[in-house]
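Chemist: This is the structure, below, for whatever I ask next.
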Amino acid sequence: MTRDKQKQLADAFRAMHRGPLLLLPNAWDAMSARQFEAAGFAAIATTSGGVAWALGYADGEKSPWPEIVSAHERITRVVRVPVTADIEAGFGETPADVGKSIADIVRTGVVGFNLEDGTPRPDMPVRPIEDAVARIRAARQAAEAAGVPAVINARTDIYLKNVGDPAGRFDEVVKRAKAYLAAGADCIYPFGFIDMETVGRLAKAIPAPINIVARAGAPPVAELQKLGVARVTIASGATLAVMSLIKTIGEDLRATGTFDGIGHSMNRPEAQKLFEPRE
63 MTRDKQKQLA DAFRAMHRGP LLLLPNAWDA MSARQFEAAG FAAIATTSGG
113 VAWALGYADG EKSPWPEIVS AHERITRVVR VPVTADIEAG FGETPADVGK
163 SIADIVRTGV VGFNLEDGTP RPDMPVRPIE DAVARIRAAR QAAEAAGVPA
213 VINARTDIYL KNVGDPAGRF DEVVKRAKAY LAAGADCIYP FGFIDMETVG
263 RLAKAIPAPI NIVARAGAPP VAELQKLGVA RVTIASGATL AVMSLIKTIG
313 EDLRATGTFD GIGHSMNRPE AQKLFEPRE
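The letter at position 62 of the sequence shown is residue 124 when you use the numbering used here, and the numbering goes up by one with no holes.
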């Protein structure tokens, strides 16, 4: 992908955050990304969990970074729409290390990325705000140095990790959101199981697009848009649905020795056509 083409995709992706609501499916490999594109989605996100599992590792920055980079190279090679990468906390111990990761992932052709403030440490479930801000600032500087106006989706795990007093979580999320935006973020992702009333309040209080995660049972897009949500992703939902299907097929095949469970609606010529060269 040429740098000019990548910049065009980045500009287009940024414009999508201005409405109507941007619905992003989360892919985990080239096949899933291409199928989401074929379904008509204007942009695609990746899922850290799905990418990790497809590579044979547990989620949580346990995959070798070069393999994560290669996975995104394969995705951007087969689709023509903007791709934004879920790279967890940036695969780096320090802000400088995060900047190096951003330089690597931007070279794959992606035009956006997630950065989360959560950590795996029980004694520090989320990073101090100063540290999270420094990491976002380093990421923005790296993207600018690469010449790509990437969209930074800053995720905060305050609700996910149940940090602090429940009554104070809303204010803490808004405080972090404003600090992350000042550091160079473009979109705020309050991750976790958040009731819709709180989602609406966050959308009003945060002076930028907000991203929420939707799972089965979530309100439809039209209702989320009325609440002020700008962007919706499905995290590892599609990956887990496909894994569930494979689990069912395997268990049925092993238990019955019959083959009725491997029926499919897509045939081989259709699959082949998805990956034929395109002009």
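Note that the Cβ used here is the ideal one computed from N, Cα and C, for glycine as well.
1. Taking only the alpha-carbon atoms, compute the straight-line gap between residue 278 and residue 191 and give it to the nearest angstrom.
2. Determine the extent of the alpha helix (DSSP H) in which residue 263 is found, giving its start and end residues.
3. Anyone know if the C-beta pair for residue 227 and residue 180 falls short of 8 Å?
4. Is the Cβ of residue 206 closer than 8 Å to any Cβ of chain C?
5. Does residue 116 come out as helix, strand or coil in the three-state DSSP assignment?
6. Measure the alpha-carbon distance for residue 130 versus residue 90 and round it to whole angstroms.
7. Measure the C-alpha to C-alpha separation of residue 282 and residue 105 and round it to an integer number of angstroms.
8. On the DSSP letters alone, give me the boundaries of the alpha helix (DSSP H) that residue 150 sits inside.
9. Rounded to whole angstroms, what is the Cα-Cα separation between residue 134 and residue 108?
10. By DSSP, does residue 98 sit in helix, in strand, or in coil?
11. Would you call residue 340 buried or exposed, if buried means 16 or more other Cβ atoms sit within 10 Å of its Cβ?
12. I'd like to know whether the C-beta atoms of residue 144 and residue 74 end up nearer to each other than 8 Å.
13. Check whether the Cβ atoms of residue 348 and residue 246 sit closer than 8 Å, and answer yes or no.
14. Does the Cβ-Cβ distance between residue 112 and residue 88 come in under 8 Å?
15. Start and end of the beta strand (DSSP E) containing residue 186?
16. How big is the Cα-Cα spacing for residue 71 and residue 322?
17. DSSP state of residue 217, grouped into three classes?
18. From which residue to which residue does the beta strand (DSSP E) around residue 337 run?
19. Please state if the CB of residue 137 and the CB of residue 149 are separated by a distance shorter than 8 Å.
20. Which residues does DSSP list as the beta-bridge partners of residue 183?
21. State the DSSP-derived secondary structure class of residue 195, mapped to helix, strand or coil.
22. Within a Cβ cutoff of 7 Å, which residues of the same chain sit near residue 311, ignoring the five residues on either side of it in sequence?
Modeler: Answer, in terms of the structure:
1. 32 Å
2. 258 to 267
3. no
4. Among the protein chains of the structure shown there is no chain C, as only one such chain exists.
5. helix
6. 10 Å
7. 19 Å
8. Per DSSP, residue 150 belongs to no alpha helix (DSSP H) and is neither H nor E.
9. 8 Å
10. helix
11. exposed
12. yes
13. No answer is possible for residue 348: the residues shown for the chain start at 63 and end at 341.
14. yes
15. 186 to 188
16. 43 Å
17. strand
18. Premise fails: residue 337 is in no beta strand (DSSP E) and is neither H nor E.
19. no
20. 186
21. helix
22. 323, 324
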